[in-house]
Structures are given as structure tokens and as C-alpha cells.
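Counting in the UniProt record's numbering, the sequence shown runs from 1 upward without gaps.
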Amino acid sequence: MFARNSCRALVYRKLLNELLKRNRYLSTNQNLAVVTASNIVPFKLADIGEGIKEVEIKEWYVKVGDHVKQFDKICDVQSDKANVTITCRYDGQVMKLYHQINETANVGEPLIDIQLTQDGTQQLHHTPIVQDDTSEDRSSSTSTGFTPTPQVLATPAVRRLAKDLQISLNDVQGTGKDYRILKEDVLNFDKTKVGLPSTGTTTAPPTTTIQTPMPIIPPSPSTVKQPIVQPPTRTVVSPTATVQTQPAKEDRHETIKGIKKIMVKTMTQANTIPHFTYCDDYDMTELVKLRKKLKKLYQQEKKTLKLSYMPFIIKACSLALMEYPILNAHVDAKCETITYKAAHNIGVAMDTRDGLLVPNIKNVQLLSIQDIALELTRLQQQGYQGKLTNEDMQGGTFSLSNIGAIGGTYAVPILVIPEVAIGALGKISLKPCAPENLDDSSSSSDDDEDSYPDVEFRHMMSISWSADHRVIDGATMARFSNKLKSYLENPMMMMINTK
Ligand code: CO6
């Protein structure tokens, strides 16, 4: 018990340190110096990491004259890697917005001016961050700074809403900065709650209440229970596909910006790397049967888990990468060093509201297929809502693109540098195939058509690999692909090898 408490204390201390680091710009005297006589402080865009220097303003949640409190949403910005919601650090009144929608804001420069309330000034002087506790009274937590207990970040209004809806905030996954719970998180949770069966097992809250970014506490291995989440509703899919129903009357010019601009840069860069593509066909029939059975079992147990083929394929890749670590590597810009990555952070190309993004599932080598399914669903939901975070996007080590979810058979995927390999999955479809393992006596001669074996219909999937040919050779890619194929064609082998 004592050991568990001290372990918890360690985790909380790490968490608090991280929060302090993230908010360091607030605790410096620099900010105090800019408070004017009229109590107006410029609220600057903080460093959001990854060397991001500028962002685009996507949405304002405030206007001049609005009264704001700490943790209120200020605006959504689109960075190089993902969308980020910027939240307020002060209590006060908005005096000025520095940018229009779609304008570029620079890191370190003001987003808005806020006239601080008396309390706000005190907060600026005494407390770098406020962590809301579960009570409505915030002053108790501000006076002493941090309380080393797991806390949920949410504004009083959100807490009130949760209370009205009889929802425990500990059960809600926050999508705001530092996993703060926003109003829509509570509303979405409420909808999900209605859709979930009422049995205790499926609605069980997460065993940990710490809302923390992944790098501090990596995704939980299978020993940690996670709630069964609702799959995203397919009505919101195809975020980027615009269906043109009327012929256009004239040409239209569009500035390439945001994620599209990033795509121009990353794809052009990646395409300078000499790469080859290697394709093969996998027989997915056994996996199709297994998934069908598992889906039925989940249904019988009234559990809702979105179990597509991807979690199996992602896990199988990780198992195969154990034997071919060179494919889970990074190469530096000058191609002088190969770094064999310990974590299997498998990226999944996603067709999101904002375009093509590749968030990754962290530490797949430690996750069960169910863990992967849950994390993929979370990323997919975040992607559809335009809410993938930098954490979701950073640190990928190997990637997959399931273009077959939309259609198609073959594709030549482009590397996600500094990764060295990426696979594009085609559509799994029934195809006539010659039966395997024919013994010699039944094999046909070319001129004896009658002795051709009967064809069988099998669920086939084509896979196209691209690899960095500076460090990967075709034989390695082929051997890796064969290994992966053996797992997917005999999913039982996968189970045996899963730790
Ligand atoms: N074959 C057959 N059926 C499939 C496939 C394939 N390949 N993929 C998905 N599905 C099924 C899946 O099993 C679900 O079926 P049910 O469970 O029976 O409902 C259904 O289709 C919907 O799957 P969903 O797409 O929701 O989930 P999945 O986990 O398979 O994929 C995703 C998640 C995020 C990868 C996907 O939604 C997505 O965004 N795919 C598009 C990725 C993309 O745009 N890639 C292109 C990048 S550019 O690579 C590139 C080289 C160029 C072309």
C-alpha cells in the first residue's frame, strides 16, 4: 500500500513538474513586467514545442469586451502538426484581439490583451497555474498552489454542467489543453453514456483519474483497464471529400495553407529520399473469420468496441518489427546515423477534417489488440473533430496507410521521414485463388486444362511497402513482409507471440 502511494506521489510529482514546465512562461517575471498601470496584460502564444514558430488562427472563442477566466477557451490554432486549443491563463476582460481568423500568429507574440481583475493580478503574482479541484471554490486551491492529488481540469461552468447531467468528470476524457475537460467533452460523454449498455463492466471508468499527455505516462499496457468507448459515428466520415453537385461557373483560387501547406513541405522533402516499393498479396480469410467471431462475442456481451482490421494489422506489424528492428528506425537528415527505436509508435494515415494526418499509437509493443482498437478509435475521433494534439502526432517510428478503407488495391506510399518504412493497405476483397499446398499428383500440366484445380474464393489484401533504399534493402523488406503475412494469415500465431 505504502509502495503504491509513494509510486503515485512520484507520478503526480512528475505530472506537476511537467505542467510547471509547460506553463513556465507564466511563472517568469517577464510577464509581471508587462502589466501596465491599467492592469492590461498581453496574453502571448506560448511555445507549443516541435520547433513550431507560427500558427494559423482557426477560431476565436472570445471577442473584445468578454469576461474570461483561467482555462476558458480563447482560440483554436492550427500548428505544423495539429490543431491546438489555446486556453486563458488569467481572469479578466478581453481588451484586444491581435488577429483575424486565418491570420498567422507567431509564437511569443500576443494573441489578446486582457485587463486583469483584482484576483487575476493576484494570480499572476502568486500562482503560475491553477488546477481546479472538484469543488466549486477555486480560491482554496490557488492559495496554496498545488495540491498533490490527482485532479481534473475543468472550468466551474463545465463542472456545473457535469453535475446537472450527473456525470463524474473522472469518467470524461478531456480534449482541451493538458487534457482539460471542455463543455463538448461532457456533452459528448453524455451522448455516449446514453448509447452504452447499462451493465457495470462496459461503463467502468478508467482506473486512473490523471489526465495527462502520453509522453509523461505512456499508453497503458493491457493490465490497465480502459473503458469501452463508442466508435465514431460514420456519418461524420469523409471529412475532406467535398461533393460537387453543381458545375463551377468560374475558376477558383485557393491559397495553400494550414495542413495542406505542411503537406507540400513534408511530401516534397520525403520524395527526395531514394525509395523502392514492394508489393504482395496477403490471404486475410482467417483474420476475416476471427474478427467476425470476436465482433459477435462483443455483441453478445453487449460491449461496444470498434474492431476493424487495423488493430490486428498494427499488432502484427509490431510483432514482425521485433524481428526486423531496422524497419522501426529513424535516419538523421544527413543520413549518417540510424537510430533503432525502442518504442513501436505506429503511425496511421488518417483522412481527417483537416486533411491527411498521421497520428501514431504509442508503444504498440506493450499493447493488446483491444488496447490498440481503443487508442485507434480515440485518434480517429480526435481526427474527425480536428482535435489531434501534437502529442498524438509526434514520435512515430513506422507507418501504415489504410487506403483500402476508401478503396483501391495498390498505392505507392510516401515515407514519413525520419521513418524508414511505410505500408499502404489495399481493400480486402474476395478473389478467386488457386488452392494452396497442392500435392504434385494433382498439379496440372499446361496442356491438360481439365486437371486445373478448382479455384477457391479467399479474402485477399494487397499491401504496398515503400522503404528508404539508402538503409533498407529489398530482401529485408520482403522478409519482413513475409513475417507479417504469416501472422495475418495465421492469426493464432499472433496470439501466441503477443506478450
Ligand atoms: N478492406 C476492407 N474493409 C476495410 C478496410 C480494408 N482495407 N479498411 C477498413 N475496412 C472496413 C472496417 O473493417 C470497417 O468495417 P466494419 O467494422 O465492418 O464497420 C469499415 O471498413 C470502416 O473502417 P474505418 O475506416 O472506420 O476504420 P479502420 O480502422 O479500418 O481505418 C483509418 C481507420 C483512420 C485508417 C481510416 O478511417 C482512414 O482514414 N483511412 C484513409 C487513410 C488515407 O487517407 N490514406 C491515404 C494516405 S495517402 O497512402 C497514401 C499512397 C497514398 C494513396
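Each residue gets a CB set at the ideal place from its N, CA and C atoms; glycine is no exception.
Integer-rounded CB distance, given that residue j should sit under 8 Å from residue i
i, j, result
"LEU415", "ASP468", "6 Å"
"ALA349", "LYS341", "No, ALA349 and LYS341 are not in contact; Cβ-Cβ is about 19 Å, not under 8 Å."
"THR397", "HIS344", "6 Å"
"LEU357", "ILE256", "Rounded, the Cβ-Cβ distance is 16 Å, inconsistent with contact."
"LEU305", "ARG291", "Between ARG291 and LEU305 the Cβ distance is about 11 Å, and since that is not below 8 Å, they are no contact."
"ASN102", "GLY386", "Not confirmed; about 15 Å, so no contact."
"GLN365", "SER318", "5 Å"
Pairwise C-alpha distance: residue j and residue i
i, j, result
"HIS275", "ILE86", "39 Å"
"LEU376", "SER429", "23 Å"
"PHE480", "GLY174", "38 Å"
"GLN299", "LEU287", "18 Å"
"GLN166", "GLU184", "15 Å"
"ARG159", "VAL186", "9 Å"
"THR104", "SER79", "10 Å"
"ILE273", "THR266", "12 Å"
"VAL68", "LEU153", "16 Å"
"residue 500", "ILE112", "Residue numbering for the chain in the displayed model covers 1 to 499; residue 500 lies beyond these limits and cannot be assessed."
"LYS44", "CYS88", "10 Å"
"TYR384", "ARG353", "5 Å"
"ASP283", "PRO359", "27 Å"
"LYS96", "ASP281", "59 Å"
"LYS261", "ALA405", "25 Å"
"LYS295", "ILE361", "22 Å"
"MET263", "GLN118", "46 Å"
"ALA157", "VAL55", "28 Å"
"VAL77", "MET460", "42 Å"
"PRO413", "THR285", "25 Å"
"residue 506", "PRO42", "Here the chain covers residues 1 to 499 and nothing more, so residue 506 does not appear."
"SER399", "ILE52", "23 Å"
"LEU484", "LYS303", "29 Å"
"TYR90", "GLN70", "5 Å"
"GLY176", "ALA162", "16 Å"
"GLN394", "GLU436", "42 Å"
"VAL64", "ILE40", "13 Å"
"ASP72", "ASP392", "23 Å"
"LEU374", "ASP251", "43 Å"
"ASN497", "ALA320", "10 Å"
"GLY347", "ALA248", "37 Å"
"ASP473", "TYR452", "37 Å"
Spatial neighbours of residue i in its chain, beta-carbon cut-off 7 Å, leaving aside the 5 residues before and after
i, result
"THR201", "Summary for THR201: the model assigns pLDDT 29, below 50, so the residue's position carries little reliability; its value from the coordinates is reported in the next sentence. Correct list: empty, nothing qualifies."
"MET493", "SER486 and TYR487"
"CYS75", "ILE57, GLU59, TRP60, TYR61, ILE86 and LEU111"
"residue 506", "Because residue 506 is not part of the residues shown, which for the chain are 1 to 499, the question remains open."
"SER38", "GLN115"
Same chain only: Cβ atoms within 6 Å of residue i, ignoring 5 sequence neighbours per side
i, result
"residue 505", "Residue numbering for the chain in the displayed model covers 1 to 499; residue 505 lies beyond these limits and cannot be assessed."
"GLN93", "HIS67 and GLN115"
"ALA316", "LEU484, TYR487, LEU488 and MET494"
Coil, strand or helix - residue i by DSSP
i, result
"ARG378", "helix"
"THR175", "coil"
"ILE86", "strand"
"ILE369", "helix"
"GLY404", "helix"
"SER308", "coil"
"GLU250", "coil"
"TYR98", "coil"
"PRO110", "strand"
"ARG479", "helix"
"SER464", "strand"
"GLU489", "helix"
"LEU430", "strand"
"LYS44", "strand"
"ASN271", "coil"
"ILE210", "Unreliable positioning characterises ILE210 in this predicted model, as indicated by a pLDDT of 24, which lies under 50. The coordinate reading is nonetheless provided below. Coil at ILE210, not helix or strand."
"GLY339", "As written in the sequence, residue 339 is Thr, which differs from the Gly given in the question. Three-state result, THR339: strand."
"ALA421", "strand"
"THR397", "coil"
"LYS360", "In the sequence as displayed, the identity of residue 360 is Asn instead of Lys. In this structure, ASN360 counts as strand in the three-state DSSP scheme."
Contacts around residue i, its chain only, beta-carbon distance under 8 Å, and the 5 residues preceding and following it disregarded
i, result
"CYS279", "TYR410, SER462, ILE463, SER464 and TRP465"
"VAL471", "ILE326, ALA329, VAL331, CYS335, ILE338 and VAL420"
"PHE457", "LEU430, LYS431, PRO432 and CYS433"
"GLU109", "LYS44, LEU45 and TYR98"
"PHE189", "ILE167, ASP171, VAL172 and GLN173"
"ASN490", "GLU286"
Test: residue i CB closer than 8 Å to a CB of chain D
i, result
"ASP72", "Within the model displayed, chain D is absent; a lone protein chain is all it includes."
| query | At a cut of 8 Å, does the region 365-382 reach the region 306-321 through at least three beta carbon pairs? | reply | Segments in contact, yes.
| task | Decide yes or no for the touch test of the region 324-333 against the region 374-385: beta carbon pairs closer than 8 Å, at least 3 of them. | result | Judged by Cβ distances under 8 Å, the region 324-333 makes no contact with the region 374-385, as fewer than three pairs qualify.
| query | With contact counted as at least three CB pairs below 8 Å, one residue from each stretch, are the region 415-425 and the region 244-255 in contact? | reply | Contact fails: fewer than three Cβ-Cβ distances are below 8 Å.
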